[in-house]
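Participant:
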Amino acid sequence: MAESSTGTMQKQGTGKLMQITHLLHATLLVADLDRARNFYENLLGLVSDSQRPEISFAGVWYAINPNQQIHLMQLPNPATGLRRPEHGGRDQHIALAITSLDELAQKLDAAAIRYTISQSGRRALFCRDPDDNALEFIELPPIP
1 MAESSTGTMQ KQGTGKLMQI THLLHATLLV ADLDRARNFY ENLLGLVSDS
51 QRPEISFAGV WYAINPNQQI HLMQLPNPAT GLRRPEHGGR DQHIALAITS
101 LDELAQKLDA AAIRYTISQS GRRALFCRDP DDNALEFIEL PPIP
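The sequence shown begins at 1 in UniProt numbering and counts up by one.
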């Protein structure tokens, strides 16, 4: 289906109730793609996905696993200039599983990036990327 704001789709129902089965991607708006890539690739260690199609704006995709991605889009952000809460858990954010919260905290400290610890008591922290997007990192054991 072509990129469009309106349209119709053929019904392909099976008679069963609809069920959401996965979160496929989360999109974050960035003002400077090079600066954002430095954060996501050099600090967080993500690798860009070469499967991103040619579209009308700059961006990059990061595969978190075979079926989940983070998309960065270099587009004007309507929320620019809004006052954000210091603790990202009180703002719109995406949550990512991580195997070592201590290693991430060391990297954030070395880069002088502020973060807050989750107020829930679990092993998690919140930080913001260079475009003020809130990110939550939750320590979980590696998936076998």
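Where a beta carbon is used, it is the ideal one built from N, C-alpha and C, also for glycine.
#1: Could you check where the beta strand (DSSP E) with Q69 kicks off and where it finishes?
#2: When DSSP labels each residue in this structure, what does G59 get in the three-state scheme?
#3: Scan the UniProt domain "VOC" (22-140) and note each continuous alpha helix (DSSP H) run of 4 residues or more that stays entirely inside, going in chain order.
#4: What number of angstroms, rounded off, separates the C-alpha of P78 from the C-alpha of Q19?
#5: Below 8 Å on the Cβ atoms is my contact criterion, and I expect L140 with A95 to pass it. Report the Cβ-Cβ distance as a whole number of Å.
#6: Under the assumption that A63 contacts Q74 (Cβ atoms under 8 Å), give the Cβ distance between them as a whole number of angstroms.
#7: CB-CB under 7 Å to Q92, same chain, minus the five flanking residues each way: which ones, in chain order?
#8: Within 10 Å of its beta-carbon, does G15 have 16 or more other beta-carbons around it, so buried, or fewer, so exposed?
Facilitator: Per the coordinate set shown:
#1: Residues 68-74.
#2: G59: strand per DSSP, three-state reduction.
#3: With a minimum length of 4 residues, the unbroken runs of alpha helix (DSSP H) contained wholly in the UniProt domain "VOC" (22-140) fall at 33-37, 101-110.
#4: The straight-line gap from Cα to Cα measures roughly 31 Å.
#5: Contact flag wrong, Cβ pair sits at about 10 Å.
#6: A63 to Q74, Cβ: 19 Å. No contact.
#7: Only A134 meet the Cβ criterion.
#8: Exposed.
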